[in-house]
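Single-structure report; data block below.
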Amino acid sequence: MKLNAAFSAALVLAFIAVCLPASSANMVPFETDGDELYVYTNYFTLKSKLDEMAQAHPDIAKVFSIGQSMEGNDMWCIEIGKFSDANYSEHPGFYLDATHHGDENRGTETAMFFIEFLLENYGKNATANFIVENRRTYVTPMINPDGNIKFVRYNDNIVDLNRNYPHEWGISAENQGASAGSEIEVQNNMAFISSHNLDCYFSLHTGTYDLVRPLCDVGGEYRGFRPEPDVVLYDTVCDKINGLIGMGYRGSSGTGESIAWAYGVKSVFSLLMEVCIDQDLPVAYEDARAKLADPLKACIFMAENADRMCAKLSVETVSNSGAEAVFKIKNEGFGPAINCTFGFAGNSIHVLEIGSGNISEIKFPAEAAESDSALSMEYVKIKGMKTQGGNEVGEVIVQSAYALSSDELKSAGGVSTPGFELLALAAGLCMVLICRKRRR
Ligand SMILES: [Zn+2]
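For the sequence shown, this note's numbering assigns the number 671 to the last residue and increments by one with no breaks.
Set out below in structure tokens:
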């Protein structure tokens, strides 16, 4: 009997243990329905929420794991885009991640609101449509599952994952890990970033309310962001977000951060956003939505403009005065185009820099237009940082070619067309865009 009683008691305990998962013991509060206490997404609810959203939109969303944590918990990611588009793989890549620090749930929640914005508004909202149809969007809402389960900053090695990336590692950081990139969660995220040809990376944290720019190799005790070589690009983007939601920016508070590695080593435009000062206070659902509404706007802005986080030249107009073939070249990107070389029918013109938003007139002698030719453009769109060893990070070169025949150029004679799209329609111009990215 005693054995039976003990067995029964053990069963009851086991049942209670199943019913009260680690979330209870870990102080990660439960969800309730309706407008009562709202609880942030935690590791135990993340996968089912992602699955639910993806299954409602199977044509444009899929959920997968980018790898497992130390304790074997999956780092779930959702990919959103128009998979059926023949050119899908060419779409600019936008990556959003959150919760490198396990107790920063509101970063995860902002990421969840962003996913929800895209999927629930697809077909209804022009911005959501644009992002879904013109971007490859990836969101990993929880980089540190083990830390989230225990509701602590670190992973199970007591390592700060956002100090462990192998760029300027260990210079100014605590709990940075045994060696650069030693942690499996960091390795998984690096492998993901490295293999997805990204144009823009946005990493979410909590604790302050501002944007954080990647560190650069300046030496010394405190290593703030050095405004080279992309200060204009970073200023432009940060100013635009400031104009949108009134958020300021600062330099990093430690070395070995994910954004420093992604920018410095992979030449991906990378920015960190601290979405709110409070870390973990439960609030009503609508309060959470209101609190994170502005950070959500910043995520949408970054996704929408993922292809402008660099210089981006396009032909605004083409005209032929008889004496000259004139191309008006506009930089639609947020960064300057540097060392621009334009080639046309054997002639070459070099322009040192075309600033963000600026238009440059490129003129070739008329005889150059006599033979069939194409305008070629080559420029540096982002340079990246110097690493600790003094090795230059590979420049990212963009090559574009605007192919047009002499007849087509002649047909533009004397007419300054209002826009490239119109001319393209009228003259049947063929635009070929080739991007070649040199990375270390
Ligand atoms: Zn953090």
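Even glycine gets a Cβ: it sits at the ideal position worked out from N, Cα and C.
Since the structure is predicted, the reported quantities are computational estimates derived from the model, not experimental observations.
A contact is defined here as three or more CB-CB pairs under 8 Å, and the stretch 299 to 306 fails this definition with respect to the stretch 340 to 350. Taking 8 Å as the cut-off, the beta carbon of residue 573 is found closer than this to the beta carbon of residue 608. The nearest non-hydrogen atom of ligand 1 is less than 7 Å from the C-beta of residue 438.
Within the chosen limit of 7 Å, ligand 1 does not reach the beta carbon of residue 288 with any heavy atom. Residue environment analysis places residue 290 among the exposed positions, since fewer than 16 neighbouring C-beta atoms fall within 10 angstroms of its C-beta. Assigned with DSSP and collapsed to three states, residue 608 falls in strand. Contact between residue 443 and residue 481 holds: CB atoms are separated by about 6 Å, below the 8 Å threshold. With a threshold of 7 Å, the Cβ atom of residue 416 does not count as near ligand 1, since no heavy atom of the ligand is closer than that. For residue 559 and residue 550, the gap between their C-alpha atoms comes out near 9 Å.
Contact check for residue 537 against residue 323 passes: the beta carbons are separated by less than 8 Å.
Beyond the five residues adjoining it in sequence on each side, residue 400 comes within less than 7 Å, by CB distance, of 407, 411, 486, 487 in the same chain, given in chain order. Residue 283 has its alpha-carbon roughly 11 Å from the corresponding atom of residue 292. The beta carbon of residue 393 sits closer than 7 Å to at least one heavy atom of ligand 1. In the displayed model, residue 310 falls within a strand according to three-state DSSP.
In the structure shown, residue 380 adopts helical secondary structure according to DSSP, grouped into three states. Counting C-beta pairs closer than 8 Å gives fewer than three between the stretch 591 to 599 and the stretch 519 to 529, which falls short of the contact rule. Ligand 1 has no heavy atom closer than 7 Å to the beta-carbon of residue 340. For residue 331, the CB contacts under 6 Å within the same chain, skipping 5 residues up- and downstream, are 374, 375, 392, 393 in chain order.
In this structure, residue 358 lies away from residue 613, with their beta-carbon atoms at least 8 Å apart. Excluding its 5 nearest sequence neighbours in each direction, residue 554 has C-beta neighbours in its own chain below 6 Å: 597, listed in chain order. Residue 434 has 328, 503 as its beta-bridge partners, per DSSP.
Shown here, residue 541 sits in coil according to DSSP, grouped into three states, outside any helix or strand.
Distance from the C-beta of residue 335 to the nearest heavy atom of ligand 1 is below 7 Å. Using a Cβ distance threshold of 8 Å, residue 434 and residue 489 count as a contacting pair. Residue 581 has 572 as its beta-bridge partners, per DSSP.
Taking non-hydrogen atoms of ligand 1 into account, the C-beta of residue 332 is found less than 7 Å away from one of them.
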